[in-house]
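Take 1 as the starting number for the sequence shown in full-length UniProt numbering and just add one per residue.
All residues carry an ideal CB built from backbone N, CA and C; glycine is no exception.
Just so it is clear, the structure is predicted and the values come from calculations on it, not from any experiment.
Taking it in order: structure first as structure tokens, then the write-up.
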Amino acid sequence: MATSTNDKNNSTTYQPPQNPPPADCASHPYATPPPPFYQQPATILTYQQPQPVAKSFLCGFLSVITVIVTIIFITVTINYFILKPRFPEFQVNSASLTSFNFNNNSDLTAKWDISLIVSNPNKKLEIEYNAIAAGIYYENELELLASTQLAPFNQPKQSKNVIRVQFEILDEYIDNSVADGIADGRFRGFVQFGMVLNVLIKLNGLFHPNDFVIKVTCEPLNFGMSNNVNNVTWVLLGGLYCSI
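What follows is the structure, encoded as structure tokens:
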């Protein structure tokens, strides 16, 4: 089959697309490469847990208490060495025992008259005696034969007071073992008793506001028989210092 001339003229040769030429630096819109993107250095944040209000208050309160206790301790210590507080001293100087007799073997009649010397050895402190309870006993201080209360009094510095302590019982029933011991001593002309005192005192001075209860024991009180014109009197054979 023949091809016409028009067909030849109208036919075109298709050229495949070609890659564009590589762009050189001159064709780039910037004369130099764009600067890199600026990044701000990262900030490191540390989290601190808020301290509770109650805990802060407790710490502050404990600190204040510690300071106060320390100040008080130092003050009391200095005050102690300056004042040098001492307890009073007790001494039995003389005593007598009269109307000393038994009825029905276990009913005791007796009257004790004791001279007690109380001394305040403190140079800078007065002593206030708010209550004094005294008791007389034989062998065992827990089993008193008689008891009494003494009047309160104040004692100046470095002074002495003589106190009269009296006990009396009339046909008082006592335990058989105690009665036998007293009766045996009475028969031999020598009998031994003891006196105990519970004393509530206060040292009147700076930083000594508290009361003290002291126990004073005066033993042995040795009584010997002494005849006089009217009746038989038992007297103290020797003075003694009481223990605290």
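Sequence-distant residues of its chain with Cβ nearer than 7 Å to residue i (five each side left out)
i: M225; result: G189, V232 and W234
i: I174; result: S106, L108 and L145
i: I65; result: none
i: C59; result: none
Supposed contact pair residue j and residue i - C-beta distance, whole angstroms, cut 8 Å
i: K179; j: P152; result: Note that residue 179 is Ala in the sequence shown here, rather than Lys. At roughly 35 Å, the Cβ-Cβ gap does not stay under 8 Å, so A179 and P152 are not in contact.
i: residue 253; j: G185; result: Because the chain in this structure spans residues 1 to 244, residue 253 falls outside the shown range and cannot be described.
i: A133; j: V165; result: Wrong, their Cβ atoms sit about 11 Å apart, outside the cutoff.
i: L150; j: I163; result: 6 Å
i: N120; j: Q158; result: 6 Å
i: I214; j: F61; result: Incorrect: roughly 37 Å between the Cβ atoms, too far for contact.
Close-in-space but distant-in-sequence residues of the same chain around residue i (CB under 8 Å, 5 per side omitted)
i: N210; result: K202
Cβ-based neighbour list, residue i, same chain, cut-off 6 Å, excluding 5 preceding and 5 following
i: S94; result: S115 and L236
i: N154; result: E128
i: F212; result: I201
i: V196; result: G135, E141 and T217
Residue i, DSSP secondary structure in three states
i: C242; result: coil
i: F187; result: helix
i: A179; result: helix
i: S56; result: helix
i: I72; result: helix
i: F167; result: strand
i: I65; result: helix
i: N210; result: coil
i: K84; result: coil
i: Q158; result: coil
i: A110; result: strand
i: Y134; result: According to the sequence displayed, residue 134 carries Ala and not Tyr. Note: A134 maps to strand in three-state DSSP.
i: K123; result: coil
i: E141; result: coil
i: A146; result: strand
i: P152; result: coil
i: I174; result: coil
i: N93; result: strand
i: L200; result: strand
Residue nearest to residue i in terms of C-alpha spacing, selected from the options
i: I244; options: V64, I68, E89 and C59; result: E89
i: G239; options: I71, S96, V64 and L58; result: S96
i: F223; options: A133, V199, P156 and W112; result: W112
i: F187; options: Q149, P220, F100 and T70; result: F100
i: L145; options: N154, L108, S63 and V67; result: L108
i: V216; options: Q91, P121 and V67; result: Q91
i: Y138; options: A110, P121 and L150; result: A110
i: N198; options: S147, V191 and A183; result: S147
i: E141; options: K84, L58, Q192 and N161; result: Q192
i: residue 250; options: K123, C59, S56 and I71; result: Outside the shown range of the chain, which is 1 to 244, sits residue 250, and nothing can be said about it.
i: N103; options: N176, L221 and Y241; result: N176
i: N161; options: I182, A183, G181 and E126; result: E126
Determine contact between the segment 115-122 and the segment 169-182, defined as no fewer than three beta-carbon pairs at a distance below 8 Å.
Contact check between the segment 115-122 and the segment 169-182: fewer than three CB pairs, one atom from each, fall below 8 Å, which does not count as touching.
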